[in-house]
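Data block below; observations after.
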Amino acid sequence: MYLEHFGMQELPYTLTPNTRFFLQLPTHQEALNVLLVALGSGDGFIKVVGEVGTGKTMLCRALLNTLDKEPCVTAYLPNPYLSPEALRRNFALEIGIEDALEVPDYELVNRINLRLVEIAKAGQHTILLVDEAQAMPEETIEALRLLTNLETESEKLFQVVLFGQPELNQLLARDSLRQLKQRITFSCHLNTLSNDAVAQYLEQRAHRAGFDGLALFAPGAAKLIAKASGGVPRLVNILAHKSLMVAYGRGEMQIKKEHVRHAVEDTEGAVAVARANPGHWLLGTGLVTTLLCGAVYLAWLRGMI
């Protein structure tokens, strides 16, 4: 679409958690450092909470990539809306019990224990990462807590990192889950990005995608994206992508405030933020949709010439 126009090799502002674009911004780098220190302690649950779109899955994938270089066996559950039995079977598969789907459930915990002991004897650590943990049924969280009772005389056999939205805190506040809450030894909160961090984020991602100019986003454009997105990385990506489309459609090489205004009015989440912080920089939705469609059409037409 606009890659050649801006001298890029890949799309810089996609919504997929591509860890090549994981940047050393204070919020996320500090969270990763906390996780690595916490995992080095060797016991307990670790909790990471952040609002929708703040980069929890990206952080989770970055942690997985880092652990791949360590003496670890990692298990990853991207969708924990499971029954207790399904949780045990998925965990067993992740740690290398190939016939986990055939083993009777009453035997499975013993098989998991034997496998965890085998991993520990090999000098490795087992770590379970659970994404979207706020979606776990209460009985499944309790089953997970009981699994963590598997231990030797000197250490736990595996650690758990829970990634979730703020609803995870509400879930763990239930009196019935107080035993698990007491086992959370480390927790961190993913904050939204400041205005300066948004500007840094935009430029760093553009350069990692291949852009080699001085500044892709004019200061006013970056500030407007920060305001309209509320500093939420997912919304930043959406607005940046649409702004590039508009600029490309006009044949312009730098993103300016007017390009961002068009993108904002065409983005539902950003419009909600904008209306909560009124200004005189929004256009009519119909006009913006027309402009964006025109940019896409022009991109297609140029590709045909």
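Residue numbers (my numbering): 2 to 306. Glycine included, each C-beta is placed from N, C-alpha and C at the ideal position. The model shown is predicted, which means the values in this text are computed figures rather than measured ones.
query                                                                                                                     : result
Simplified DSSP assignment, three categories, for Q10                                                                     : coil
Inter-residue spacing [alpha-carbon to alpha-carbon] between A93 and G232                                                 : 38 Å
At least three beta-carbon pairs within less than 8 Å, the region 172-186 to the region 198-207                           : no
Simplified DSSP assignment, three categories, for Y77                                                                     : strand
Whole runs of the alpha helix (DSSP H) within the region 226-266, excluding any shorter than 4 residues                   : 234-250, 258-266
Cβ neighbour criterion (16 or more within 10 Å) applied to R21                                                            : exposed
Sequence-distant residues of its chain with Cβ nearer than 6 Å to R146 (five each side left out)                          : L181
CB contact flag (L151, V131, <8 Å)                                                                                        : no
Through-space distance from T55 to S244, alpha-carbon basis                                                               : 20 Å
C-beta atoms of E133 and G97 nearer than 8 Å                                                                              : no
Cβ shell of R89 (< 6 Å), same chain only, five flanking positions each side left out                                      : L109
Residues bridged to L102 [DSSP beta-bridge criterion]                                                                     : In the DSSP output, where bridge partners are listed per residue, L102 has none listed.
Beta-carbon contacts of D69 that lie in its chain and below 8 Å, excluding the five residues immediately before and after : T75
Endpoints, beta strand (DSSP E) assigned at G51                                                                           : 46-51
Where G124 sits in the DSSP three-state scheme                                                                            : coil
Per DSSP, cross-strand counterpart(s) of L163                                                                             : K48, V131
Per-residue DSSP class, three states only, for K57                                                                        : helix
Proximity below 8 Å, CB of F46 to CB of V161                                                                              : yes
Whole-angstrom distance between E154 and R116, CA atom to CA atom                                                         : 17 Å
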